[in-house]
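Mapping to this note's numbering: the sequence shown position 202 is 202, numbers consecutive.
Glycine included, each C-beta is placed from N, C-alpha and C at the ideal position.
Owing to the predicted nature of the structure, the values given are computational and were not obtained by experimental measurement.
Notes follow once the structure below has been shown.
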Amino acid sequence: MIFLRNRLLGYGVDPAWADLLAAVLLVLIVTLLCILANIISKQVVIRLITHFVRKNKFRWDNVLLERKVFHKLSHFVPAIIVYYFASAFPTYQKVIETLAITYMMVVAFSVINRLLSVFNDIYQTYEISKSKPIKGYVQVAKIIVIIIGTILVIANLVGESPVILLSGIGALSAVFMLVFKDSLLGLVAGVQLSATDMVRVGDWIEMPKYGADGDVIDISLNTVMVRNFDRTVTMIPSYALISDSFINWRGMQESGGRRIKRALYIDTSSIMFCTDEMIEHYKGIHFLKDYLVVRETEIKEYNRLNQVDRSNRVNGRALTNIGVFREYIQQYLRRHPGIHQEMTLMVRQLAPGENGLPIEIYAFANSTQWTYYETVQADIFDHLFAVAGEFGLRVFQNPTGSDFKWLPERAEKLELKSDVE
């Protein structure tokens with residue numbers, strides 16, 4: 001500034017104005033230098049760096065561009081220029097240097113935060129990130145950086161040692177515990193979730209308490225984000241997955257089979273012993289011919305050895321239409337292309353009730369894809385509803401409006417029949 005003052009005096013400027021004009025000119029020069037340096041760093045240097053990054057074969061440096069780490073680093077240049085020229089203003093040198101250092105510290109901690117995000121982005125490109133996500137840890141690291149950065153910036157502004165400020169944090173620990181309660185709980189939950197491998201990104205989880213039923217798309221410090229099958233998104237607190245129960249369908253997805261567990265309700269009044277005509281009719285069904293031949297031989301041999309009087313059909317052993325129907329379902333499922341034959345396959349009777357006798361199918365589709373699973377399940381029961389009548393069985397259904405509608409007509413027919421008799 002002395003140089004500028006002397007030059008202005010040489011041009012005949014009044015000494016009373018020379019100091020002020022020299023200071024203004026120096027501020028303008030520093031400002032122009034900062035603008036010029038900023039333009040060069042962003043328009044030239046960063047473009048060269050971008051060109052180099054795009055051309056090489058490494059992928060991690062592309063993440064640095066996406067997170068604008070180099071753009072943030074360019075902010076150091078104007079701050080360094082201001083710090084360098086602070087000595088030109090002896091009266092305000094200390095203040096200018098303090099503000100310049102403070103700005104550089106803020107930029108430095110911002111760059112560190114961006115680098116942590118870059119690290120997380122690079123980690124997510126690896127397969128292990130689905131089972132061992134680190135986003136929660138990265139967020140904790142960012143919080144620590146922000147806390148340390150805030151302490152150092154304040155210490156720099158007030159001109160005191162950071163140790164003095166840190167000593168006062170102990171008294172504020174209760175406040176920090178209250179403010180960062182969710183973050184601390186989330187951190188503990190994140191460690192437990194990662195250590196026990198309870199939840200991964202991509203898992204299908206079900207948590208009715210929070211209305212969640214879909215795929216996990218993100219695991220962060222405080223929340224687990226679930227995209228439901230209706231395309232809505234549910235945010236679940238991380239610690240809720242530790243404290244509350246939920247269903248994780250990963251085991252089913254990894255097994256390659258999805259369970260079918262549904263019952264067909266049979267009207268018990270339609271269950272009967274098989275007549276010879278019924279057995280001959282059933283032998284025409286491909287799935288049952290061999291079974292019926294073996295069972296007939298077995299039953300006849302049993303009745304002969306035990307000298308059973310078959311003049312009464314209650315005595316001894318005999319085939320029933322419900323038993324033959326169960327065997328038919330079993331054989332049908334054994335040949336169905338959509339059923340996993342290496343997993344449990346069972347057709348069983350459940351306890352009869354007011355809705356009839358439940359014949360339950362317990363099997364597994366050979367695909368976990370939802371649409372395929374529903375199609376297989378629907379195809380099976382479409383067929384069983386249609387063939388139940390072939391076995392003399394009626395599928396139970398509560399009376400509907402159409403049933404009551406025809407009651408008067410049926411009653412009239414019964415009366416006419418009784419009159420004729």
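Option nearest residue i by Cα separation, candidates the options
i	options	result
residue 296	320, 87, 309, 158	320
residue 340	315, 79, 372, 144	372
residue 124	220, 242, 358	220
residue 230	160, 251, 212, 103	212
residue 361	389, 325, 369, 393	325
residue 352	39, 396, 247	396
residue 76	354, 99, 315, 136	99
residue 67	116, 33, 307, 292	116
residue 365	257, 61, 288, 106	257
residue 236	393, 29, 215	215
residue 268	244, 354, 318	354
residue 422	136, 203, 155, 161	With the chain covering only 1 through 421, there is no way to say anything about residue 422.
residue 33	307, 43, 51, 79	79
residue 266	142, 318, 311, 358	358
residue 312	228, 72, 273	273
residue 222	184, 228, 330, 376	184
residue 377	114, 337, 253	337
residue 96	58, 54, 30	30
residue 391	283, 369, 48	283
residue 242	207, 276, 217	207
residue 276	307, 308, 318	318
residue 233	210, 254, 255, 253	210
residue 143	126, 119, 113	113
residue 37	53, 155, 82, 50	82
residue 197	132, 54, 217	132
residue 332	51, 118, 291	291
residue 138	58, 118, 245, 155	118
residue 106	58, 127, 157	157
residue 71	46, 388, 309, 254	46
residue 335	57, 363, 129	363
residue 255	375, 368, 356	368
Endpoints, alpha helix (DSSP H) assigned at residue i
i	result
residue 113	93 to 123
residue 252	250 to 255
residue 160	Residue 160 -> no alpha helix (DSSP H), and no H or E assigned at all.
residue 374	370 to 387
residue 390	Here residue 390 belongs to no alpha helix (DSSP H), and DSSP marks it neither H nor E.
Where the beta strand (DSSP E) containing residue i begins and where it ends
i	result
residue 258	258 to 266
residue 214	212 to 219
residue 362	357 to 365
residue 242	Looking at the DSSP string, residue 242 is not in any beta strand (DSSP E); the run it does join, the alpha helix (DSSP H), is 240 to 243.
residue 201	Premise fails: residue 201 is in no beta strand (DSSP E) and is neither H nor E.
residue 90	Unbroken run through residue 90: none, as it is neither H nor E.
residue 228	223 to 228
residue 236	233 to 237
Presumed contact (8 Å Cβ cut-off) between residue i and residue j, rounded CB distance
i	j	result
residue 69	residue 121	That pair is no contact at about 11 Å.
residue 285	residue 322	The pair is not a contact, with the Cβ atoms about 15 Å apart (cut-off 8 Å).
residue 103	residue 186	Incorrect: roughly 32 Å between the Cβ atoms, too far for contact.
residue 109	residue 140	Incorrect: roughly 15 Å between the Cβ atoms, too far for contact.
residue 193	residue 199	5 Å
residue 328	residue 287	6 Å
residue 422	residue 50	It is not possible to answer for residue 422, since the shown part of the chain is limited to 1 through 421.
is_contact[residue i, chain B] using C-beta, thresh 8 Å
i	result
residue 297	This model lacks chain B altogether; it includes just one protein chain.
In chain order, what are the residue ranges of uninterrupted beta strand (DSSP E) at least 3 long that sit wholly in the region 279 to 349? 346 to 349
Whether or not the region 343 to 353 and the region 296 to 306 are in contact is what I'm after, with contact meaning three or more pairs of Cβ atoms, one per stretch, closer than 8 Å; do they touch? no
Please confirm if the region 147 to 160 is in contact with the region 75 to 92, defined as three or more CB-CB distances below 8 Å between the two stretches. no
Within 8 Å, do at least three Cβ pairs link the region 260 to 273 to the region 380 to 395? yes
Give the list of continuous alpha helix (DSSP H) stretches no shorter than 4 residues that lie fully inside the region 35 to 86. 46 to 55, 60 to 66, 69 to 73, 76 to 84
Is the region 202 to 210 in contact with the region 243 to 250, if contact means three or more CB pairs nearer than 8 Å? Contact between the region 202 to 210 and the region 243 to 250 is present, with at least three C-beta pairs closer than 8 Å.
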